[in-house]
Every structure is written in C-alpha cells, then in structure tokens.
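Residue numbers (full-length UniProt numbering): 1 to 212.
Cβ atoms here follow ideal geometry from the backbone N, Cα and C, with glycine treated the same way.
Notes follow once the structure below has been shown.
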C-alpha cells in the first residue's frame, strides 16, 4: 500500500468517525437525554443542566469521556480494522473521539463565554433556542445536519432569554450587551423566587421551555 493511499484511507476513516459521532450526538441528545424525561443518570444530569442553563465540570463528564473513548476503541476501531485494515480502524476511532471532544468543548464554552467567531455565534444561537424556546428541537450542538434530516430544526432571528437565566457573558448590570441585541432579547423579570425555580425545574424535566 502506497503512502498516498494510506493517507487517503486514514483521512476518509477519520471523517467517517467524526460523521458517526455527529449522528450519535443527535440521537443521544434527543432520545437518551430528553425523551427519557429524567429517567437514568444521563437524562437526569442533562435536564438538571436545563434547569439553570449553566455548565460546570462534574464527575459525570469523566464518565462520559471514558464511555465515548471505549465505544471508539471497542466498537469502531475493530469494525474499521476488520473492514479495511488497521489504519482505517485507528483513524475511525480517532475521528469519533475528536468529534465527541469537539462537541464537548463547543457546548461548554457556549455556556461560559462569548462567541469568538461566526460559527460560535451560530452554536450559541442554535443551542439557546433549544434551551429557552424549544427543548425538543435543535438537538445538534455542533451541527444542524441531523435536525434538518429529522425535521427538528427551528431557526429564529431573535432568541428569547428569560432574564433570570441569562448567561453571564451576554449581560452587564442585568442588561443585554449591545453586541448581542441582534441575536437575543431578555424577557421577564429578574425573579429568583423559590416558586419560579420550582416551575423551571418541572418544565425542564418535562422538556418544556421555561416561562418568561
């Protein structure tokens, strides 16, 4: 096998692995996290994330990393190895892992800091429409491909964000920063009452958008 052919096989397998992850990202987010409505660790942790729409590191992230790496090593690597050869198997598993960690990174920084480029602006607009507008839509975080395929994509020019749930990077002194007024609008009062917190929790676990 020539070096060029080896590189082409590796590149194709890597891209296929990343593509397979994007499909898994959609399926897991839609069915394992939302459709189960809090049943099971994955769904419960994800819907807790929806209650306040914040992101912080926890031990469950380590469990997820280990799980996804094991899928790559024990499923995709052997399949690629058997079907094409060792280069394809290794590249397929690497593509899967890189796709997964790219998603994890984009999701984390979307909640924690302002966008730095056009793609990151889209990720935030798309993802926070999922959080605050339609929790059963826009399941893809890193890509909209599968939402388009399965009819779960909702596009919006202006994302309504409950003031009490606004991300720290989008506000200053309780008001939306000027650079985000073309993408987001704050709605409702800055209400942190126990009653509204209970409503937010109940609606999050029912995969219903929070009230204004």
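Residue 162 sits close to residue 187, with the two beta carbons spaced by under 8 Å. Closest by C-alpha distance to residue 29, out of 128, 52, 10 and 136, is 136. In the DSSP annotation of this structure, the continuous segment of the beta strand (DSSP E) that includes residue 185 starts and ends at 184-187. When 121, 111 and 170 are compared, the shortest CA-CA separation from residue 131 is found for 111. Collapsing the DSSP output to three states places residue 84 in coil.
In this structure, DSSP gives residue 25 a helical state, which the three-state scheme calls helix. When the beta-carbon positions are compared, residue 55 and residue 49 come within less than 8 Å of each other. One thing to note: residue 95 has its Cβ no nearer than 8 Å to the Cβ of residue 24. If you draw a straight line from the Cα of residue 32 to the Cα of residue 151, it comes to about 18 Å. Taken through DSSP and simplified to helix, strand or coil, residue 172 comes out as strand. Around the beta carbon of residue 43, 16 or more other beta carbons sit within 10 angstroms, so the residue counts as buried. Counting along the chain, the unbroken alpha helix (DSSP H) around residue 203 starts and ends at 194-205.
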